[in-house]
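Chains as they are written, first to last, in our numbering: chain L, 66 to 251; chain W, 29 to 207. A virtual CB, placed ideally from N, CA and C, is assigned to each residue, including glycine. Written below as structure tokens is the structure these notes are about.
Here you go:
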């Protein structure tokens, strides 16, 4: 204890002053009593008047805080609910988007297949018509050739016959004609 | 039209009768009309209004000199000079009809590839007469296009036994329109 005081310069002086120094620390008895009484008065005053105020304030505060906590909790629950709702909506939207895309794909597929079918049909129609026309053309050409061949053959036959018919043959034809005309009457 | 043809036929008939060569003139005109009708070149030349009448007459005279009697030549000349060549065929038909009618006969125009002898013509007249029930006078026209056989026309009646007719029937049955 002393060694500790010795390290503090102005207290060291007190140590050096012996009883004088000790007096500095230990107060007078009257002073001590007065101090105790004053303290008691202040204590009582504070205890009686101030403490309830403080206690009320603390209670107030506690209530406020607990109220805010409840609010926060409710807000959190609400937020979670909202979040859940949003998630659900997003999921719904995703599903819907998926179904729309699927539907669009199906529609596109059906349009595509219909177009393909139509193109196919038209191509077949064109082919069929071309074949028909070709056949008709062939038929016509054939008929024309047949006609020409027949016509030329007849012309040739006529010429050959005209040259081949000699005097005798001509007379024979005339005789036959007379015979036929005579038979007309009967 | 018919009036003109009748007029010409009557005129020719009267002139020929007066001259006493009726049958000869009628036969000659009949043949000449068919010769002109059968030749497109001759027909076109004689009916072409751009060719002067003198030239047409020259053509006719050249054609007929030595082949027809002077009277026939003069009568054809007249028809050509008046621009009635296109009617010559009808005139000759009418002329032949009238000449035949005077003897109660009808004219049969007989077309054949070669000329017929008198005996054949007589037999033809007989058989055609029996077929039509009238006295028939055959006028022979040599027409190589009949090829063979005979085609006879009496008024509106045609009795066709020619090779040409057979060919045409053949063509028709084969469905060939143009020869």
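Inset, instruction - Could you name the residues of the region 145-159 of chain W whose beta carbon sits closer than 7 Å to any beta carbon of chain L, in the order they occur along the chain? - result: 148, 151, 152, 155, 156, 158, 159
Legend entry - Beta-carbon contacts of residue 49/W that lie in its chain and below 8 Å, excluding the five residues immediately before and after: 97, 99
Inset, instruction - Measure the beta-carbon distance from residue 169/W to residue 139/W and round it to whole angstroms, keeping in mind my assumption that it falls under 8 Å. - result: 5 Å
Inset, instruction - Taking only the alpha-carbon atoms, compute the straight-line gap between residue 124/L and residue 147/L and give it to the nearest angstrom. - result: 34 Å
Legend entry - Distance between beta carbons of residue 176/W and residue 155/W, contact taken as under 8 Å: Their Cβ separation, rounded to whole angstroms, is 18 Å, which puts residue 155/W and residue 176/W out of contact at 8 Å.
Inset, instruction - Indicate whether residue 81/W and residue 104/W have their beta-carbon atoms separated by less than 9 Å. - result: no
Inset, instruction - Check whether the Cβ atoms of residue 134/W and residue 160/W lie closer than 9 Å to each other. - result: yes
Inset, instruction - Quick one: list the residues of chain W neighbouring residue 246/L, beta-carbon separation under 7 Å, in chain order. - result: 155, 156, 159, 187
Legend entry - Residues of its chain near residue 84/W, where Cβ-Cβ distance is below 6 Å and the 5 sequence neighbours each way are ignored: 74, 108
Inset, instruction - Closer than 8 Å by beta-carbon distance: list the chain L residues that pair up with residue 176/W, in chain order. - result: 226, 227, 230, 234, 235, 238
Inset, instruction - Mind checking who residue 179/W pairs with in its DSSP beta bridge? - result: 139/W, 188/W
Legend entry - Reduced DSSP category for residue 165/W - H, G, I as helix; E, B as strand; rest coil: strand
Inset, instruction - Leaving out five residues on either side along the sequence, give the residues of the same chain with a beta carbon under 6 Å from the beta carbon of residue 191/L. - result: none
Inset, instruction - Count the other C-beta atoms from every protein chain shown that fall within 10 angstroms of the C-beta of residue 207/W, then say buried if there are 16 or more, exposed otherwise. - result: For residue 207/W, the predicted structure reports a pLDDT of 42, less than 50, and the residue's modelled location is therefore unreliable. The matter cannot be settled from this model.
Legend entry - Partners in chain L for residue 122/W, counting only beta-carbon separations shorter than 7 Å: Correct list: empty, because the minimum Cβ distance to chain L is about 25 Å.
Inset, instruction - Name the two residues that bound the continuous alpha helix (DSSP H) containing residue 80/W. - result: First-last for residue 80/W: undefined, no H or E at that position.
Inset, instruction - Ignoring anything shorter than 3 residues or poking outside the region 114-173 of chain L, list the beta strand (DSSP E) runs there in chain order. - result: none
Inset, instruction - Inspect the beta-carbon positions of residue 124/W and residue 54/W and report whether they are closer than 9 Å. - result: yes
Inset, instruction - In the DSSP assignment, find the alpha helix (DSSP H) that holds residue 108/W and state where it starts and stops. - result: 98-109
Legend entry - Closer than 9 Å to chain W by CB, residue 221/L: no
Legend entry - Residue span of the alpha helix (DSSP H) that contains residue 113/W, given as start and end: Per DSSP, residue 113/W belongs to no alpha helix (DSSP H) and is neither H nor E.
Inset, instruction - Starting from residue 184/L, find everything on chain B with Cβ-Cβ shorter than 9 Å and list it in chain order. - result: Checking the listed chains, one finds no chain B in this structure; the protein chains it contains are L and W.
Legend entry - Strand pairing of residue 134/W, partner residues [DSSP]: 164/W
Legend entry - Neighbourhood of residue 142/W by C-beta distance below 8 Å, restricted to the same chain and skipping five residues each side: 170
Legend entry - Opposing strand residues paired with residue 170/W [DSSP bridges]: 140/W
Inset, instruction - Express the C-alpha separation of residue 87/L and residue 67/L in angstroms, rounding to a whole number. - result: Unreliable positioning characterises residue 67/L in this predicted model, as indicated by a pLDDT of 49, which lies under 50. The coordinate reading is nonetheless provided below. The straight-line gap from Cα to Cα measures roughly 12 Å.
Inset, instruction - For my contact list, residue 246/L and residue 182/W are in at a C-beta cut-off of 8 Å; report their separation, rounded to the angstrom. - result: Contact flag wrong, Cβ pair sits at about 11 Å.
Inset, instruction - Please say whether residue 238/L and residue 230/L have beta carbons closer to each other than 9 Å? - result: yes
Inset, instruction - Look at the alpha carbon of residue 41/W and the alpha carbon of residue 113/W, and state the distance between them as a whole number of angstroms. - result: 18 Å
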